[in-house]
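There are 2 protein chains.
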Amino acid sequence: MDELKPGEHPPRILVVDDEAAIRRLLATVLESSGFVVHLAENGSLGLAAAAAVRPDLILLDLGLPDLDGVEVIRRLREWSPAPIIVLSVREREDDKVAALDAGADDYLTKPFGVPELLARIRGSLRRIVGQAPEPVFRSGGLEVDLARRVVRVADQEVQLTPTEYEILRILVTHAGKVLTHRQLLSRIWGSSHLEQPHVLRVNISNLRHKIESDPSRPSLLLTESGVGYRLRAEP
Amino acid sequence: MDELKPGEHPPRILVVDDEAAIRRLLATVLESSGFVVHLAENGSLGLAAAAAVRPDLILLDLGLPDLDGVEVIRRLREWSPAPIIVLSVREREDDKVAALDAGADDYLTKPFGVPELLARIRGSLRRIVGQAPEPVFRSGGLEVDLARRVVRVADQEVQLTPTEYEILRILVTHAGKVLTHRQLLSRIWGSSHLEQPHVLRVNISNLRHKIESDPSRPSLLLTESGVGYRLRAEP
DNA sequence: GAAAGGTATCAAGAAAGTATCAAGACGGCT
DNA sequence: AGCCGTCTTGATACTTTCTTGATACCTTTC
């Protein structure tokens, strides 16, 4: 699997299976692979959990006590595009065909090997990368695309230096909140520069001249006198 | 198979398998299901056919006489997003994991049932509806045909060295994004060269002289000082 | 409203990063 | 072996970014 870029969330996986032993096993394995795991023990709970959690991927046992597995797939597919990987003891081909035609993405027969399961999970997740719209911060005329490391002002691309971008990145990821001088200084220059607010001010000033329409009357990058700086978040 | 909307082309499927009997069987089955089928009997021919035919889906036997199946997957994935379903007699989990991690979408062990194969084909095709991007990148006067490995500038073909092409390929597949020096270095020279940006700079410079109209004032291959490089994506 | 502390801006030198040329090393090929 | 194209390496010129100090401005407090 490719390196996870900083700032990306770990994928959420929902496991729907009635056997407690399997739930525990999967939870352990998946969590140690860096996923966030949610568990449900039957179909109705699974559907509810999927709606609540919005998982990035669903592992679904076909043999559930309350609902038919294929029915669960169909109901999920009414609104969720998340990949569904079916786990089942049934070897019968009809079952596989029905599950896949209902909208499942993959089918694994128990007992399955953990490495294969992980590989199929990686594959399914890899396939949906890029279809999900990437988070872009917008406020005023400002647009910050963290994934592409591109900043636009009034649809015009703006060139930022590494430190300027780093300051903006931190402000964006905490948009609306006040960040103290010390917080910014320690995250960008390290704790040795905590008592040198000057270097921060110069950079904030430069940054304003690049992203504010009237740098002397900031509307986005606001000063909180005596405290720090704050990026205005759109309502 | 679901109803084909009028005016839509039937999906093209490329079958790469060295056993004539299986090729014949699949051709019959797939054609009677409404697909257009193309056949290739080894890895090199398969790669060539894929570039020529641009199939919507590829059925690939892993045990080919000339090239390793995983290698074929990797080479396909350099430019093609088409789903790849692996057909193989190998049961070993390692093989499955390797194929899936190389970019295969699915893995079927021979002998497989035809209905299941068709179900998996339907599933894979359903998933890519509307997202098949043209594998030809265009921006400014630059044209990069990833499938044919051909680069043109102002409709004039340009000869790139292997490393130059590899750099360009990575930039194209992440067009618009900033790629850090370290990302580029590790993907082209491996993680041992992470601290040698010089070799990258020389290659970027050479590449610019081949694809930029004014290499000293780059308009496509942009420098992000202190960070890395980025290929301008057309709006 | 004046003083004190905090903030903004400018400009210049230092440091870091980047571009380019060219010479030699390497590897595949006939 | 000798040729070819390609890759690596070193030297050097160039550009961008960072830091720093001087100075003017603003905000808070009394």
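Those protein sequence lines, which keep their order, are chains D and Z.
Following our numbering, the numbering of the first sequence begins with 24 at its first residue and continues without gaps.
Following our numbering, the numbering of the second sequence begins with 24 at its first residue and continues without gaps.
Every residue, glycine too, gets a C-beta built ideally from N, C-alpha and C.
Are any of the Cβ atoms in chain D nearer than 8 Å to that of residue i?
i, result
"G199(Z)", "yes"
"V120(Z)", "yes"
"D271(Z)", "Given that chain Z is displayed from residue 24 to residue 258, the structure contains no residue 271(Z) and the question cannot be resolved."
"D91(Z)", "no"
"G136(Z)", "yes"
"V38(Z)", "no"
"L87(Z)", "no"
"L123(Z)", "yes"
"V250(Z)", "yes"
"A142(Z)", "yes"
"A150(Z)", "Looking at the sequence shown, residue 150(Z) is not Ala but Arg. So yes, R150(Z) belongs to the interface."
"P257(Z)", "According to the sequence shown, residue 257(Z) is Glu rather than Pro. So, not an interface residue."
"E139(Z)", "yes"
Do you know offhand how far residue i's Cα is from residue j's?
i, j, result
"E139(D)", "V176(Z)", "44 Å"
"V120(D)", "L230(D)", "57 Å"
"A44(Z)", "V52(Z)", "12 Å"
"D25(Z)", "V93(Z)", "In this predicted model, D25(Z) has a pLDDT of only 43, less than 50, meaning its place in the structure is not dependable enough to derive any value."
"W102(D)", "L80(D)", "14 Å"
"Q206(Z)", "D91(D)", "46 Å"
"R161(Z)", "V195(Z)", "9 Å"
"P134(Z)", "R97(D)", "29 Å"
"L183(D)", "P238(D)", "16 Å"
"V174(Z)", "G164(Z)", "11 Å"
"I107(D)", "G126(D)", "8 Å"
"R172(D)", "D178(D)", "15 Å"
"E54(D)", "E64(Z)", "42 Å"
"M124(D)", "H197(D)", "Reading the sequence as shown, one finds Asp at residue 124(D) and not Met. Rounded to whole angstroms, D124(D) to H197(D) spans 44 Å at the Cα level."
"R150(D)", "G249(Z)", "32 Å"
"D41(D)", "G86(D)", "8 Å"
"V159(D)", "R113(Z)", "45 Å"
"D117(D)", "V137(D)", "25 Å"
"P220(D)", "R240(D)", "21 Å"
"L244(D)", "R192(D)", "12 Å"
Could you name the residues of the same chain whose beta carbon sits closer than 6 Å to that of residue i, not counting the 5 residues immediately before and after it, in chain order?
i, result
"K233(D)", "V181"
"L62(Z)", "V38 and R46"
"G199(D)", "A256"
"L14(D)", "Residue 14(D) lies beyond the range of chain D shown here (24 to 258); nothing can be said about it."
"V59(D)", "P33 and R35"
"D168(D)", "V159"
Leaving aside the five residues before and after residue i along the sequence, list all residues of the same chain whose C-beta is less than 7 Å from its C-beta, in chain order.
i, result
"S56(D)", "L141"
"I211(D)", "T186, E189 and I190"
"E218(D)", "none"
"V76(Z)", "R35, L37 and H61"
"N226(Z)", "T186, E187 and I190"
"A105(Z)", "P78, D79, L80 and I81"
Enumerate in chain order the residues of its own chain whose CB-to-CB distance from residue i is below 8 Å, with the five nearest sequence positions on each side excluded.
i, result
"L27(D)", "Confidence is the limiting factor: at L27(D) the pLDDT is only 37, short of 50, which leaves the residue's position unreliable and the question unanswerable from this model."
"H216(Z)", "L208, S209 and V222"
"S67(D)", "D89 and L90"
"L131(D)", "I108, V109, L110, S111, E139, L140 and R143"
"T203(D)", "V250 and G251"
Verify the CB distance criterion: does residue i have a CB-CB separation below 8 Å to chain Z?
i, result
"E187(D)", "no"
"E101(D)", "no"
"G146(D)", "yes"
"E94(D)", "no"
"E116(D)", "yes"
"E166(D)", "no"
"E218(D)", "no"
"T203(D)", "no"
"T246(D)", "no"
"L27(D)", "Annotation note: pLDDT 37 at L27(D) (below 50); position unreliable, coordinate value reported separately. No, no contact with chain Z."
Since residue i contacts residue j with CB under 8 Å, what's their CB separation in whole angstroms?
i, j, result
"E247(D)", "V201(D)", "5 Å"
"P255(D)", "S242(D)", "Reading off the sequence, residue 255(D) comes out as Arg, not Pro. Indeed, because the Cβ distance is near 7 Å, the residues count as touching under 8 Å."
"V95(D)", "L83(D)", "6 Å"
"S147(D)", "D129(D)", "6 Å"
"A73(D)", "L99(D)", "6 Å"
For residue i, is the beta carbon positioned less than 7 Å from some heavy atom of the ligand HEM?
i, result
"R149(D)", "As presented, the structure is devoid of all ligands, the ligand HEM included, so that no description of it is given."
Near-chain Z residues of the region 45 to 68 of chain D (beta-carbon distance less than 8 Å), N- to C-terminal order: So the list is empty, because no residue satisfies the distance condition.
Between the region 168 to 180 of chain D and chain Z, which residues of the former have a C-beta closer than 8 Å to a C-beta of the latter? Cβ proximity to chain Z below 8 Å picks out A170, R171, R172 and V173 from the region 168 to 180 of chain D.
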